[in-house]
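Residue numbers (this note's numbering), protein chains in the order written: chain C, 1 to 64; chain E, 1001 to 1257.
Glycine residues also receive a C-beta, built at the ideal position from the N, C-alpha and C atoms.
First comes the structure, then the notes that go with it.
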Amino acid sequence: MTFQFESLQQLLTMDGHGFYVWTAVLVSMAVMLWLIVSPLLDSRRALKDVARDIARTANSKEET
Amino acid sequence: MNWLSNLSPSWQWFHRLGSPRWFYQTTGRWLPWLSLLAFTLLSAGLVWGLAFAPQDAKQGNSFRIIYLHVPASFLALAGYYIMAIAGAVGLIWKMKLSYMLMKSAAPIGAALTFLALFTGAVWGKPTWGTYWVWDARVTSMLILLFLYLGVLALQYAFHSNDAGNKASAILALVGTVNIPIIYKSVDWWYTLHQPATIKFTSAPSMHPDMFQPLLVMILGFYCFYTVALFLFTRAEILCRERKSVWVKELAMAREQS
């Protein structure tokens, strides 16, 4: 197994194919990151909403 | 469902599997390890494929896109089976959790199908000279994307959860017809798309030095898919079970820490 490029510059340009390869890599990373972050944010928001509702009903019970 | 657990002990796993709470807790224990495995496989496979695998004699370096394109396409198709089977189980056994899995599989499948099409387009430009062709493989993958989006849209098109679930499940099952068409499209029609690189019935048409990193990437994508499916389903469980005691306790514990 050998490193296929002579320099970092060559790894980026890939003999003219660099734009296509790296666009594919960056877009894939962005989409995959979204697939992880989006449900985590949804879960956090759901738990926060539940906690807020509990606090709110507890407060209204104290008032009456 | 009580009669199920009385029937025989072997049915108990099925019964427990239907419990959203059990799913939430079990996947919570698995997720750290599975995420670590997915991350390791994906980073190793990507570095290997992009920098260390030999370049293709005909296509040059543009062929390196295969390390994203093939795994994404694999999981876009495998994810459809998972969604359709989850829908069928939901229809037959009226299992809540199964519908939640089906609903969660839709956005992940749509995202991966988009990736398969997108990486295919940027691979097509240097190889075929065009980003897009209306050929059988590409068009049937586009239909797959619309099926995923359709299942997702039906979920929000009904006032009752139950009606939305049933409609989504039926669309998912009917859409299964498209899957063998996608697989066979490169054989049935004249197409620009190259035939399958990996077949179950014969050795891969690739040199081992190129094939090994691809295998690592496919395994990595399978792990990644599982992580994403767990995360989406867990979010769905918290949303649907927000009135239950265990979710309330979880929310309070989270608030206090």
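Should residue 1042 of chain E and residue 1217 of chain E be called a contact, given that it needs their Cβ atoms to be closer than 8 Å? Yes. Within cutoff.
Note down the Cα distance separating residue 1071 of chain E from residue 1221 of chain E, rounded to an integer number of angstroms. Residue 1071 of chain E and residue 1221 of chain E: Cα-Cα distance of roughly 6 Å.
Pull up the distance between the alpha-carbon of residue 1028 of chain E and that of residue 1133 of chain E, whole angstroms please. Roughly 43 Å between the two C-alpha positions.
Chain-ordered neighbours of residue 1123 of chain E on chain C, where CB pairs are closer than 9 Å: Within 9 Å of the CB of residue 1123 of chain E, the CB atoms of chain C belong to 20, 21 and 24, in sequence order along the chain.
Interface residues of chain E facing residue 12 of chain C [CB-CB closer than 8 Å]: Residues of chain E whose Cβ lies closer than 8 Å to the Cβ of residue 12 of chain C do not exist; the shortest such Cβ separation is about 11 Å.
The alpha helix (DSSP H) spanning residue 1213 of chain E covers which residue range? Note, residue 1213 of chain E: alpha helix (DSSP H), 1208–1240.
Residue-level contact to chain E via CB, residue 33 of chain C, 8 Å cutoff: At a cut-off of 8 Å between C-beta atoms, residue 33 of chain C does not count as an interface residue with respect to chain E.
Applying the criterion that 16 or more other CB atoms from any shown protein chain within 10 Å of the CB defines a buried residue, is residue 30 of chain C buried or exposed? That one is exposed.
Using a C-beta to C-beta distance shorter than 8 Å, which residues of chain E count as neighbours of residue 4 of chain C? Listed by position along chain E, the residues whose Cβ is nearer than 8 Å to that of residue 4 of chain C are 1051, 1052, 1053, 1054 and 1055.
Looking only at its chain, what residues have a beta carbon closer than 8 Å to the beta carbon of residue 1020 of chain E, apart from the 5 residues adjacent to it on each side? Around residue 1020 of chain E: 1096, 1097, 1100, 1237, 1240 and 1241.
Looking at the structure shown, is residue 1162 of chain E part of a helix, part of a strand, or coil, going by DSSP? Residue state, collapsed to three classes: helix.
Keeping to the same chain, check which residues put their C-beta closer than 8 Å to that of residue 63 of chain C; ignore five residues upstream and five downstream. So the list is empty, once near-sequence residues are dropped.
Just to confirm, is the Cβ distance from residue 1106 of chain E to residue 1151 of chain E under 8 Å? Yes, the pair counts as a contact, with Cβ atoms nearer than the cut-off.
Residues near residue 1195 of chain E by beta carbon distance below 6 Å, same chain, minus five either side: Counting only Cβ-Cβ distances below 6 Å, and skipping sequence neighbours, we find 1186.
For residue 1058 of chain E and residue 17 of chain C, the rounded distance between their alpha carbons: One C-alpha to the other measures close to 13 Å.
How big is the Cα-Cα spacing for residue 1255 of chain E and residue 1226 of chain E? Answer to the nearest angstrom: the Cα atoms are 28 Å apart.
Local Cβ density within 10 Å of residue 58 of chain C, reported as buried at 16 or more and exposed below that: By the Cβ-count criterion, residue 58 of chain C is exposed, with fewer than 16 other Cβ atoms from all chains shown falling within 10 Å of its own Cβ.
Taking residue 1076 of chain E as the query, report the chain C residues whose CB atoms sit under 9 Å from its CB, ordered along the chain. For a Cβ distance threshold of 9 Å, nothing in chain C lies close to residue 1076 of chain E: the least Cβ distance comes to about 12 Å.
Where residue 1120 of chain E falls: helix, strand or coil (DSSP): Reduced to three states, the DSSP call for residue 1120 of chain E is helix.
State yes or no: is the beta carbon of residue 1103 of chain E nearer than 8 Å to at least one beta carbon in chain C? So no, residue 1103 of chain E is outside the interface.
Using a Cβ-Cβ cut-off of 6 Å (strictly less than) and excluding sequence neighbours within five positions of residue 1232 of chain E, which residues of its own chain qualify? Leaving aside the five residues that flank residue 1232 of chain E on each side, the residues in its chain whose CB is nearer than 6 Å to its CB run, in chain order, 1104.
Closest Cβ-Cβ distance between residue 58 of chain C and chain E: below 8 Å? No, residue 58 of chain C lies away from the interface with chain E (no Cβ there is under 8 Å from its Cβ).
With distances taken from CA atoms, which of E/1209, E/1090, E/1247 and E/1129 is nearest residue 1170 of chain E? Looking from the CA of residue 1170 of chain E, the closest CA among E/1209, E/1090, E/1247 and E/1129 belongs to E/1090.
Helix, strand or coil, according to DSSP, for residue 1060 of chain E in the structure here? Residue state, collapsed to three classes: strand.
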